[in-house]
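These protein sequences, in sequence, are chains A and B.
Using our numbering, the letters of the first sequence map in sequence onto residues 10 to 335.
Using our numbering, the letters of the second sequence map in sequence onto residues 8 to 414.
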Amino acid sequence: MTTMTIAKAINEGLRATLAANPKALLMGEDIGPLGGVYRVTDGLIGEFGPDRVVDTPLAESGIIGTAIGLALRGYSPVCEIQFDGFVFPGFNQITTQLAKMHARSNGNLTVPVVIRIPYGGGIGSVEHHSESPEALFAHTAGVRIITPSNPHDAYWMIQQAVECQDPVIVFEPKRRYWLKGEVDVAGPGPSADPFKAHVLREGTDATIVAYGPLVPVALAAANAAEEDGRSVEVIDLRSISPIDFDTVTASVQKTGRLIVAHEAPTFGGIGGEIAARISERAFHSLEAPVIRVGGFHMPYPVAKVEEDYLPDIDRILEALDRALSY
Amino acid sequence: MGTHLPSTEFDGTAVDDQREADAEAVMGDPTAQMVQLLGPDGKLGTDPLFSDYADKLTPEALRGLYADMAAIRRFDIEATALQRQGQLALWVPLTGQEAAQIGSGRASQPQDYIFPTYREHGVALTRNVDLAELLRQFRGVSNGGWNPRETNFHLYTLVLAAQTLHAVGYAMGIQRDQKLAGTGGNEPDAAVIAYFGDGASSEGDVHESMVFASSYNAPVVFFCQNNHWAISVPTNVQTRVPLSNRAKGYGFPGIRVDGNDVIAVHAVTEWALEHARQGKGPVLIEAFTYRVGAHTTADDPTKYRHSDEEDAWRAKDPLSRLEKYLRAEALADDAFFAKVKADGDELAAYVRRTAHDLENPDIRQAFANVYAEAHPLVAEELAWFEEYAAGFAGEEETAAQAAKAGH
Numbered sequence: 010m011t012t013m014t015i016a017k018a019i020n021e022g023l024r025a026t027l028a029a030n031p032k033a034l035l036m037g038e039d040i041g042p043l044g045g046v047y048r049v050t051d052g053l054i055g056e057f058g059p060d061r062v063v064d065t066p067l068a069e070s071g072i073i074g075t076a077i078g079l080a081l082r083g084y085s086p087v088c089e090i091q092f093d094g095f096v097f098p099g100f101n102q103i104t105t106q107l108a109k110m111h112a113r114s115n116g117n118l119t120v121p122v123v124i125r126i127p128y129g130g131g132i133g134s135v136e137h138h139s140e141s142p143e144a145l146f147a148h149t150a151g152v153r154i155i156t157p158s159n160p161h162d163a164y165w166m167i168q169q170a171v172e173c174q175d176p177v178i179v180f181e182p183k184r185r186y187w188l189k190g191e192v193d194v195a196g197p198g199p200s201a202d203p204f205k206a207h208v209l210r211e212g213t214d215a216t217i218v219a220y221g222p223l224v225p226v227a228l229a230a231a232n233a234a235e236e237d238g239r240s241v242e243v244i245d246l247r248s249i250s251p252i253d254f255d256t257v258t259a260s261v262q263k264t265g266r267l268i269v270a271h272e273a274p275t276f277g278g279i280g281g282e283i284a285a286r287i288s289e290r291a292f293h294s295l296e297a298p299v300i301r302v303g304g305f306h307m308p309y310p311v312a313k314v315e316e317d318y319l320p321d322i323d324r325i326l327e328a329l330d331r332a333l334s335y
Numbered sequence: 008m009g010t011h012l013p014s015t016e017f018d019g020t021a022v023d024d025q026r027e028a029d030a031e032a033v034m035g036d037p038t039a040q041m042v043q044l045l046g047p048d049g050k051l052g053t054d055p056l057f058s059d060y061a062d063k064l065t066p067e068a069l070r071g072l073y074a075d076m077a078a079i080r081r082f083d084i085e086a087t088a089l090q091r092q093g094q095l096a097l098w099v100p101l102t103g104q105e106a107a108q109i110g111s112g113r114a115s116q117p118q119d120y121i122f123p124t125y126r127e128h129g130v131a132l133t134r135n136v137d138l139a140e141l142l143r144q145f146r147g148v149s150n151g152g153w154n155p156r157e158t159n160f161h162l163y164t165l166v167l168a169a170q171t172l173h174a175v176g177y178a179m180g181i182q183r184d185q186k187l188a189g190t191g192g193n194e195p196d197a198a199v200i201a202y203f204g205d206g207a208s209s210e211g212d213v214h215e216s217m218v219f220a221s222s223y224n225a226p227v228v229f230f231c232q233n234n235h236w237a238i239s240v241p242t243n244v245q246t247r248v249p250l251s252n253r254a255k256g257y258g259f260p261g262i263r264v265d266g267n268d269v270i271a272v273h274a275v276t277e278w279a280l281e282h283a284r285q286g287k288g289p290v291l292i293e294a295f296t297y298r299v300g301a302h303t304t305a306d307d308p309t310k311y312r313h314s315d316e317e318d319a320w321r322a323k324d325p326l327s328r329l330e331k332y333l334r335a336e337a338l339a340d341d342a343f344f345a346k347v348k349a350d351g352d353e354l355a356a357y358v359r360r361t362a363h364d365l366e367n368p369d370i371r372q373a374f375a376n377v378y379a380e381a382h383p384l385v386a387e388e389l390a391w392f393e394e395y396a397a398g399f400a401g402e403e404e405t406a407a408q409a410a411k412a413g414h
């Protein structure tokens, strides 16, 4: 076991991937000598050279589009998109090309491209630097989406994403980049399957599903509720596409109440999808409607009011109170 | 070479003069800035650089270029007919662009990789794609009817210019393969061709692909067929300078070639591919040609252009000028042209027969190809569909029996 931050864990995971797989390479803006704006690729260009840690022109469609071409030639590119809000110039390449290439070719072609996107708010930044666009990609068949919430998952998930033959988007919780935790570099252990949800905390009264940056918030809310005598189960979803509905269903069948929390706006979001599926799968177990806690239907607001926008412990506890009042 | 117009000098009146000259060159008669070897009169001219490449074409190769162009034109007629008869949902005709496609495709080598847009049926022929398979997409039984791994001819891309970036990335992969193989590599050097059109040249992906290609000196040839019309919009809405001039801004050679001159297209493309394979970086070729027919079978060119423009381009037909040359030089006789016609009819019959026989796919294949690895949601939805479909099993039988009984 080694203690490191999420940023360092991704850095080490990328280092392990580059060392093990000669066809793996990193592409992105400022990922070379600078090591990326969050230093996630720090030091890698020195170890692996500019052909494998590629500082690209400032063009997101170009990054994704050339990564597709490299994948068609047998490479495993890992693209860094500098900030969530800057993925949209590459949206066309992701949704019309990357996601559809395997299906279009009747299974003859695979494009194992990984796209790393730092996402979410809470960093007091300017417009386009705090968004959570995961639902836009989850709606697109052909890509997979995972998001680590702790250093151990971060270390293994980035390597598992590269090994996967499908395109994988890794949403990295940027405000947790400096969150420290234990990493077992000897093996993934219970994190062997990146598409499986983890029950982080057992409970009997209600279930909170969260992912990425809100996992620590959900855990804190559950701990606070415990002081009021509530027993709350917390699930780290880990994978946004596919979603491990089996784990969520089993939990709801036990607790009867479900709260889904994410930073992204609730309308048309992942929480709505989970609510719909769980109401189909566990209707008779539900004691209350599934309650979503998330962002509002507005462009991500300015930094000085983001505290009012982002779900926090109290917002989750309020949702918990409502669920328990039924 | 006369391949570039002089740079615009921002010194007053010269700017206006340059704009006028550029505007003329975009749509007008561009001979002064264009590589042409075989003119519409069937006479072979010379070029200080490209004649050496043209001279390498043997009489047999020249006859082959003619036969290919004739075959693909015949195929185009047959596919258009199949659409009119309801056998295809849509067809994208190439007539008029045979020389641009056959000339460039025949200049490529097997190890090269081709990224077409969606009108490159002629290039497909040169890469040995089964032309009947090419119809799958237009019949609605597949979104990509052939396996690119077998021919190094990628699937058609319908989102304009997206493939130009794939081409550059593929070329970046070739560069890395060469380094991984070291000096002992015995793979032949390869290059990539990215096809696109005058309309797609306005897409941001073309710009980004040229920036990436230039920055990394990638072995890619950008082959722009300027066929003068992006559906109903003429080229001068896409550009105010000859498209080949744009290469200068990216720092690599740009050549405008007579796209109806198969000999010049072949020579220029062969040169460009050599240039790329030798590690000298990208080249932009603008093949100056014309879409004689409609954009697709759903289009009506009479609404946006005059027939005298079409007639003027028919006079520059790529097949008739090569026929004139072959006959004048006694390189082909009546028997050859009769054989070409018979072969074309045979190809058309084969395509017609095969198109009729293309079986409708099963939606289970669509479920199977969403992801390369197992996916629980796809599996769940497939299981639901199977159960749902099984519920109709008895009814189908009853309906079939009723039909048999004549009810």
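Cβ atoms here follow ideal geometry from the backbone N, Cα and C, with glycine treated the same way.
Predicted, not measured: the structure shown is a model, and the values here were computed from it.
- Task: Within 10 angstroms of the Cβ of S14/B, are there 16 or more other Cβ atoms? Answer buried if so, exposed if not.
- Result: As a working mapping, residue 14/B is identified with position 7 in the second sequence. Low per-residue confidence applies at S14/B: pLDDT is 43, beneath 50, and the placement is therefore not dependable enough to give any value.
- Query: Can the beta-carbon of I154/A be found less than 8 Å from the beta-carbon of M110/A?
  - Reply: Taking the first sequence and counting its residues from 1, one reaches residue 154/A at position 145. Taking the first sequence and counting its residues from 1, one reaches residue 110/A at position 101. With contacts defined as CB atoms closer than 8 Å, I154/A and M110/A fail to qualify as a contacting pair.
- alpha helix (DSSP H) segments (min. 4 residues) lying fully within the stretch 61–119 of chain B: The alpha helix (DSSP H) runs lying completely inside the stretch 61–119 of chain B and spanning 4 residues or more are 66–91 and 105–114, given in chain order.
- Task: Tell me, please, whether the CB atom of E380/B is closer than 8 Å to any CB atom in chain A?
- Result: Numbered from 1 along the second sequence, position 373 holds the residue referred to as residue 380/B. Interface residue, yes.
- Are the CB atoms of E235/A and T216/A nearer to each other than 8 Å? Residue numbering aside, residue 235/A sits at position 226 when the first sequence is read from its first letter. Residue numbering aside, residue 216/A sits at position 207 when the first sequence is read from its first letter. In this structure, E235/A keeps its C-beta atom at 8 Å or more from the C-beta atom of T216/A.
- Message: So if I threshold CB-CB distances at 7 Å, which residues from the stretch 232–261 of chain A count as touching chain B?
- Response: Those would be P251, in chain order.
- Message: Strictly below 8 Å CB to CB, what residues from chain A border E215/B?
- Response: Locating residue 215/B in the second sequence gives position 208, counting from the first residue. Result: P66, A68, S70, G71 and G74.
- Query: Alpha carbon to alpha carbon, what distance is there between D54/B and L45/B?
  - Reply: Here the question's residue 45/B lines up with position 38 in the second sequence. Here the question's residue 54/B lines up with position 47 in the second sequence. If you draw a straight line from the Cα of L45/B to the Cα of D54/B, it is about 11 Å long.
- Supposed close pair L138/B, V358/B - CB separation, criterion 8 Å: Counting from 1 along the second sequence, the entry for residue 138/B is found at position 131. Counting from 1 along the second sequence, the entry for residue 358/B is found at position 351. Yes, L138/B and V358/B are in contact; Cβ-Cβ is about 6 Å, under 8 Å.
- What do you reckon, are the CB atoms on P59/A and S85/A nearer than 8 Å? Start at 1 with the first residue of the first sequence, and residue 59/A comes out as number 50. Start at 1 with the first residue of the first sequence, and residue 85/A comes out as number 76. If you check the CB distance, P59/A and S85/A do not come in under 8 Å.
- Query: For the alpha helix (DSSP H) that contains D162/A, what are its first and last residues?
  - Reply: Working through the first sequence from its first residue, we reach residue 162/A at position 153. Per DSSP, the unbroken alpha helix (DSSP H) holding D162/A starts and ends at P160 to E172.
- Listed from N- to C-terminal order along the chain, which residues in the stretch 127–160 of chain B have their beta-carbon within a distance smaller than 7 Å of any beta-carbon of chain A? Within the stretch 127–160 of chain B, the residues whose Cβ lies closer than 7 Å to any Cβ of chain A are, in chain order, S149, N150, G151, N154, P155 and R156.
- Task: Since I believe D255/A is in contact with R239/A (beta carbons under 8 Å), could you give me their beta-carbon distance rounded to a whole number of angstroms?
- Result: For the purposes of this step, residue 239/A is identified with residue 230 of the first sequence, where counting begins at 1. For the purposes of this step, residue 255/A is identified with residue 246 of the first sequence, where counting begins at 1. Not really, about 25 Å apart at Cβ, beyond 8 Å.
- Same chain, Cβ closer than 6 Å to G99/A, five either side skipped, listed in chain order: As a position in the first sequence, residue 99/A is number 90, starting the count at 1. Around G99/A: E69, S70 and I73.
- Message: Short of 9 Å Cβ to Cβ, which residues in the stretch 169–185 of chain B face chain A?
- Response: Answer set for the stretch 169–185 of chain B: A169, Q170, T171, L172, H173, A174, V175, G176, Y177, A178, M179, G180, I181, Q182, R183 and D184.
- Task: Reducing DSSP to helix, strand and coil, say where G9/B ends up.
- Result: Residue mapping note: residue 9/B aligns to position 2 of the second sequence, counting from 1. The predicted position of G9/B is uncertain, since its pLDDT is 39 and thus under 50; a value taken from the coordinates is nonetheless stated next. Reduced to three states, the DSSP call for G9/B is coil.
- Message: Whether or not the stretch 94–105 of chain B and the stretch 118–127 of chain B are in contact is what I'm after, with contact meaning three or more pairs of Cβ atoms, one per stretch, closer than 8 Å; do they touch?
- Response: Touching, yes.
- For a contact meaning CB atoms closer than 7 Å, what does P383/B contact in chain A? Walking along the second sequence from the start, residue 383/B turns up at place 376. Near P383/B (Cβ distances below 7 Å), the residues of chain A are P251.
- Do L95/B and L142/B have their C-beta atoms closer together than 8 Å? Start at 1 with the first residue of the second sequence, and residue 95/B comes out as number 88. Start at 1 with the first residue of the second sequence, and residue 142/B comes out as number 135. Less than 8 Å divides the Cβ of L95/B from the Cβ of L142/B.
- Message: I'd like to know whether the C-beta atoms of V302/A and I279/A end up nearer to each other than 8 Å.
- Response: Here residue 302/A is taken as the residue at index 293 of the first sequence, counted from 1. Here residue 279/A is taken as the residue at index 270 of the first sequence, counted from 1. Not in contact: V302/A and I279/A (Cβ atoms no closer than 8 Å).
- Query: Is Q372/B helix, strand or coil by DSSP?
  - Reply: On the second sequence, position 365 is the one that residue 372/B refers to. Collapsing the DSSP output to three states places Q372/B in a helix.
- Query: Counting pairs of beta carbons, one from the stretch 89–98 of chain A and one from the stretch 126–139 of chain A, are three or more of them closer than 8 Å?
  - Reply: Yes, the stretch 89–98 of chain A is in contact with the stretch 126–139 of chain A.
- Message: Any beta carbon of chain A sitting closer than 8 Å to that of A396/B?
- Response: On the second sequence, residue 396/B is found 389 positions in, with the first residue counted as 1. Answer no: the Cβ-Cβ gap between A396/B and chain A never drops below 8 Å.
- Message: By DSSP's criteria, V63/A is part of a beta bridge. Which residues make up the other side?
- Response: Along the first sequence, read from residue 1 onward, the residue named residue 63/A stands at position 54. DSSP lists M36/A as partners of V63/A.
- Message: Am I right that I270/B and V228/B are in contact with their C-beta atoms under 8 Å? What's the rounded C-beta distance?
- Response: Mapped onto the second sequence, residue 270/B falls at position 263. Mapped onto the second sequence, residue 228/B falls at position 221. Contact annotation, I270/B with V228/B: C-beta distance approximately 18 Å; criterion of less than 8 Å not satisfied.
- So with Cβ pairs under 8 Å, would you call S158/A a contact of chain B? If you number the first sequence from 1, residue 158/A lands on position 149. By the rule that beta-carbons nearer than 8 Å mark a contact, S158/A does not touch chain B.
- Message: Closer than 8 Å is the cut-off here; do at least three beta carbon pairs connect the stretch 73–93 of chain B with the stretch 47–62 of chain B?
- Response: No, they do not touch.
- Mind checking if A373/B is an interface residue toward chain A, Cβ cutoff 8 Å exclusive? Taking the second sequence and counting its residues from 1, the one referred to as residue 373/B is at position 366. Output row for A373/B: interface = yes.
- Message: Just to confirm before moving on: does the CB-CB distance between A168/B and V240/B stay below 8 Å?
- Response: What you label residue 168/B is simply residue 161 of the second sequence in a count that begins at 1. What you label residue 240/B is simply residue 233 of the second sequence in a count that begins at 1. No, Cβ-Cβ distance for A168/B and V240/B is not below 8 Å.
- Okay, do the stretch 61–81 of chain B and the stretch 360–368 of chain B touch, 3+ Cβ pairs below 8 Å being the bar? Not touching, per the Cβ criterion.
- For the stretch 114–134 of chain A, which residues have a beta carbon sitting closer than 7 Å to at least one beta carbon of chain B? Going along the stretch 114–134 of chain A in chain order, one finds S114, N115, G116, N117, L118 and T119 with a Cβ nearer than 7 Å to chain B.
- Message: Using the three-state DSSP reduction, which class does Y257/B fall into: helix, strand or coil?
- Response: Numbered from its first residue, the second sequence carries residue 257/B at position 250. DSSP, reduced to helix, strand and coil, places Y257/B within a helical segment of the structure shown.
- Under 8 Å by Cβ, that's how I've got I262/B and F230/B pegged, so tell me the actual separation to the nearest angstrom. Within the second sequence, numbered from 1, the residue matching residue 262/B stands at position 255. Within the second sequence, numbered from 1, the residue matching residue 230/B stands at position 223. A Cβ-Cβ distance of about 10 Å is found for the pair I262/B and F230/B, leaving them out of contact under the 8 Å criterion.
- Taking only beta-carbon atoms, is Q91/A less than 8 Å away from chain C? In summary, chain C is missing from the structure at hand, where the protein chains are A and B.
- Item | C-beta neighbour in chain B for D60/A, strict 8 Å | Taking the first sequence and counting its residues from 1, the one referred to as residue 60/A is at position 51. Residue contact with chain B for D60/A: present (Cβ-Cβ distance below 8 Å to some residue of chain B).
- Give, in chain order, every residue of the stretch 98–110 of chain A whose Cβ lies closer than 7 Å to some Cβ of chain B. Taking 7 Å as the Cβ-Cβ cut-off against chain B, the residues of the stretch 98–110 of chain A that qualify are N101, Q102, T105 and Q106.
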